[in-house]
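Peer 1: In the UniProt record's numbering, the protein residues as written are 1 to 597. Glycine included, every Cβ here is placed at the ideal spot set by N, Cα and C. Note that the structure is predicted; figures quoted are calculated from it, not measured.
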């Protein structure tokens, strides 16, 4: 693998020499600023071997640098430790710390090669600001892989399905009408959308273009009089095309966006999101651009009654599958060792038995002992660690159902005597989860204000964790859905977005010691009205995830009476909700796991 990567980087450097480029920047994303991308857009992985979902590869004639954050440091060492690529550690996830570093490295009038499609307008603006008076040039090279990545996968071609009203709760016609009303308010002609999750929600369409996420590779131009969905026509059934036509939507091939945008007159006013609009599309637009945070992003995050009921239904199905799985795991380990990979596949099989199951929502993280400290660990099919009836096991997993998306983490003690350090960390993680989930907070509160509640008990023990505390979650959509969440800084929307009623968000504090253990507890919560006082309206969180929390590692004397009450009430809810869906043996097992402490 190391030789292969070395040859690919050498081929890229030859290309750079031929085109007089001093450096090349390769991001992890696609033309839609997606977190997870179709195989066609895994360019950074091709040239580096690094498979993490976040990272920037920078190639000069002398340096090969991979910038990523602390979630992936151990993964980088595992995947790229023997290559010439150097790891540059971001101190803040998603922060563009590589840009000042690169601008300082380059000389005056040097040239940077990039694919304009893979960079947003805001990213290019920041890069130009950092360049300052160095007169460094940016050159667009969208086809730089053509003579290097000869077997590059094509763009997705799978069929697009209609996400019916039964699951969406609102028609595409109704959603488009809201956008058109917004255009009239702003006296604009078009709204241009490029985020795949926003387009999937707006048009009620789903596909399998991206692993684990039912998105459709597309752009959308929504106008007061006409609407164009840019997505290859052969991907739709004739019936679906007619249905879209009936609500004023024309479907043109994906690449036609580069043809149609320049046709718009200079008098045209287009509203778009500067953070998702790629620079190639920005350059193609001749008219006036109004930059604003996408209205669809906000609308989508607030779930309607159908989506909330779907989420509740999914949690029950997930709870049943997890009960069967944990019973199987416990019984199997009595007799033999199991590989991490095998455990992940077995968990998927139990979920696949559930109604409306449509696949995993991300690659399951099954990390035994020290592997649990690798935050985004994926067990290899060959030679993954063997799990036995002792030690600690972290399992972070989720599913896509037609009526919703799930994400849950549980940390299990499999046997033997746990160390005081593990108990201490586990108890602090649990206390942090309860503290955040139980808070009542005023409208207008943002994620960075709440995040500390999940960390404070860890901090008191001299512990912490290097990732955000939670993220929004979609409805048969993205498992990491913008915008709300919990984070320690305002660099991402998870720190700055306001939490609103009827949003689905994860709470997932953790603690990781490299080479020893990983601990995380994660549930999905629904934000709900709490109370109205003279100080305004307050919201609260309600846990929807239904699966027992392992009590073996809890230092009970460190829990307050209210924390013990919370845990006992949560477990009673889990048992009461799931017991009617299980057989007698399963009920007995669940009852034992949910017994009061």
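(1) Should residue 533 go down as buried or exposed, given a rule of 16 or more other Cβ atoms within 10 Å for buried?
(2) Taking the Cβ atom as the reference point for each residue, do residue 111 and residue 21 lie within a distance shorter than 8 Å?
(3) Less than 8 Å between the C-beta atoms of residue 32 and residue 294, yes or no?
(4) Nearest by alpha-carbon distance to residue 517: which of 275, 412 and 152 is it?
(5) Thinking just about the alpha-carbon of each residue, which of 460, 502, 452 and 500 is nearest to the one in residue 489?
(6) Residue 512 lies in the beta strand (DSSP E); which residues open and close that run?
(7) Considering only the beta carbon of each residue, do residue 116 and residue 219 sit closer than 8 Å?
(8) Is DSSP giving residue 389 helix, strand or coil here?
(9) Nearest by alpha-carbon distance to residue 191: which of 100, 161, 240 and 289 is it?
(10) Are residue 495 and residue 456 closer than 8 Å when you measure CB to CB?
(11) Straight-line CA distance for residue 271 to residue 446?
(12) Strictly by DSSP, which residues pair up with residue 498?
(13) State the beta-bridge partners of residue 538 as determined by DSSP.
(14) Return the chain-ordered list of same chain residues with a C-beta closer than 7 Å to the C-beta of residue 198, the five sequence neighbours on each side being excluded.
(15) Which residues mark the beginning and the end of the beta strand (DSSP E) in which residue 291 is found?
(16) For residue 302, which option in 579, 474 and 553 has the closest C-alpha, if you only look at C-alpha atoms?
(17) Alpha carbon to alpha carbon, what distance is there between residue 404 and residue 262?
(18) Taking the alpha carbon of residue 548 as the reference point, which residue from 559, 89, 519 and 573 has its own alpha carbon closest?
(19) In this structure, does DSSP put residue 553 in helix, strand or coil?
(20) Between which residues of its own chain and residue 284 is the CB-CB distance below 7 Å, once the five residues before and five after are set aside?
(21) For residue 19, count neighbouring Cβ atoms within 10 angstroms of its own Cβ and tell me buried if that reaches 16, exposed if not.
(22) Could you give the DSSP three-state label for residue 139: helix, strand or coil?
(23) Is it buried or exposed for residue 175, if we count other Cβ within 10 angstroms and need 16 for buried?
(24) What are the boundary residues of the alpha helix (DSSP H) that includes residue 98?
(25) Go ahead and label residue 100 buried or exposed: buried means 16 or more other beta carbons lie within 10 angstroms of its beta carbon, across all protein chains shown.
(26) Are the CB atoms of residue 233 and residue 210 within a distance shorter than 8 Å?
(27) Does the pairing of the stretch 2 to 17 with the stretch 92 to 106 give three or more beta-carbon distances under 8 Å?
(28) Does the Cβ-Cβ distance between residue 551 and residue 524 come in under 8 Å?
(29) If you draw a straight line from the alpha carbon of residue 402 to that of residue 167, how long is it in whole angstroms?
(30) How is residue 221 classed by DSSP in three states: helix, strand or coil?
(31) Between which two residues does the alpha helix (DSSP H) holding residue 349 run?
(32) How close, in whole Å, do the beta carbons of residue 254 and residue 375 come, if the pair is a contact with beta carbons under 8 Å?
(33) Could you work out which residue in 55, 569 and 127 is closest to residue 139 when comparing CA atoms only?
(34) Is the stretch 40 to 60 touching the stretch 75 to 83 in the sense that three or more CB pairs, one from each, lie closer than 8 Å?
(35) Which of helix, strand or coil does DSSP assign to residue 262?
(36) Which parts of the stretch 11 to 92 are runs of the alpha helix (DSSP H), unbroken and 4 residues or longer, counting only runs that do not cross its ends?
Peer 2: Put simply:
(1) Here residue 533 refers to the residue found at position 533 when the chain shown is read from its first residue. So residue 533 ends up on the exposed side.
(2) Within the chain shown, the letter at position 111 stands for residue 111. Within the chain shown, the letter at position 21 stands for residue 21. Contact: yes.
(3) Within the chain shown, residue 32 is the residue found at index 32, counting from 1. Within the chain shown, residue 294 is the residue found at index 294, counting from 1. Contact flag unset, no.
(4) In the chain shown, residue 517 corresponds to position 517, counting from 1. Measuring from the Cα of residue 517, the nearest candidate turns out to be 412.
(5) Counting from one through the chain shown, the residue named residue 489 turns up at place 489. When each option's Cα is compared against that of residue 489, the closest is 452.
(6) Within the chain shown, numbered from 1, the residue matching residue 512 stands at position 512. Residues 510 to 513.
(7) The residue labelled residue 116 in the question sits at position 116 within the chain shown. The residue labelled residue 219 in the question sits at position 219 within the chain shown. No.
(8) The sequence position of residue 389 within the chain shown is 389, counting from 1. In this structure, residue 389 counts as coil in the three-state DSSP scheme.
(9) As a working mapping, residue 191 is identified with position 191 in the chain shown. Closest option to residue 191, Cα to Cα, is 289.
(10) Along the chain shown, read from residue 1 onward, the residue named residue 495 stands at position 495. Along the chain shown, read from residue 1 onward, the residue named residue 456 stands at position 456. Not closer than 8 Å, so no.
(11) Indexing the chain shown from 1 puts residue 271 at position 271. Indexing the chain shown from 1 puts residue 446 at position 446. Taking the CA atoms as reference points, residue 271 sits about 26 Å from residue 446.
(12) Start at 1 with the first residue of the chain shown, and residue 498 comes out as number 498. Answer by DSSP bridge pairing, in chain order: 446.
(13) Reading the chain shown from its first residue, position 538 is the one you call residue 538. Beta bridge pairing from DSSP links residue 538 with 442 and 531.
(14) Taking the first residue of the chain shown as position 1, residue 198 is located at position 198. Correct list, in chain order: 294, 296, 297 and 300.
(15) Within the chain shown, the letter at position 291 stands for residue 291. Per DSSP, residue 291 belongs to the beta strand (DSSP E) from 288 to 291.
(16) In the chain shown, counting from the first residue as 1, residue 302 sits at position 302. Nearest C-alpha to residue 302: 474.
(17) In the chain shown, residue 262 corresponds to position 262, counting from 1. In the chain shown, residue 404 corresponds to position 404, counting from 1. One C-alpha to the other measures close to 38 Å.
(18) Residue mapping note: residue 548 aligns to position 548 of the chain shown, counting from 1. Answer by Cα proximity: 573.
(19) In the chain shown, residue 553 corresponds to position 553, counting from 1. Reduced to three states, the DSSP call for residue 553 is coil.
(20) In the chain shown, the residue the question calls residue 284 occupies position 284. Result list for residue 284: 258, 261 and 262, in chain order.
(21) The residue labelled residue 19 in the question sits at position 19 within the chain shown. Result: exposed.
(22) Walking along the chain shown from the start, residue 139 turns up at place 139. Strand, per DSSP.
(23) In the chain shown, counting from the first residue as 1, residue 175 sits at position 175. Buried, since its Cβ has 16 or more Cβ neighbours within 10 Å.
(24) Translated into positions along the chain shown, residue 98 becomes position 98. Its alpha helix (DSSP H) spans residues 98 to 105.
(25) One-based indexing of the chain shown puts residue 100 at position 100. Exposed: under 16 other Cβ atoms inside 10 Å.
(26) By one-based count along the chain shown, residue 210 stands at place 210. By one-based count along the chain shown, residue 233 stands at place 233. Pairing residue 210 with residue 233 gives a Cβ-Cβ distance that is not under 8 Å.
(27) no
(28) Counting from 1 along the chain shown, the entry for residue 551 is found at position 551. Counting from 1 along the chain shown, the entry for residue 524 is found at position 524. Taking 8 Å as the cut-off, the Cβ atoms of residue 551 and residue 524 do not count as close.
(29) Counted from its first residue, the chain shown places residue 402 at position 402. Counted from its first residue, the chain shown places residue 167 at position 167. Those two C-alpha atoms are separated by around 7 Å.
(30) Here residue 221 is taken as the residue at index 221 of the chain shown, counted from 1. Strand at residue 221.
(31) The residue labelled residue 349 in the question sits at position 349 within the chain shown. 340 to 352 is the extent of the alpha helix (DSSP H) around residue 349.
(32) If you number the chain shown from 1, residue 254 lands on position 254. If you number the chain shown from 1, residue 375 lands on position 375. Incorrect: roughly 34 Å between the Cβ atoms, too far for contact.
(33) Residue 139 sits at position 139 when you count from the first residue of the chain shown. Minimum Cα distance to residue 139 is reached at 127.
(34) The stretch 75 to 83 vs the stretch 40 to 60: in contact.
(35) Here the question's residue 262 lines up with position 262 in the chain shown. In the structure shown, residue 262 sits in a helix (DSSP, three-state: H, G or I).
(36) 43 to 48 and 73 to 80
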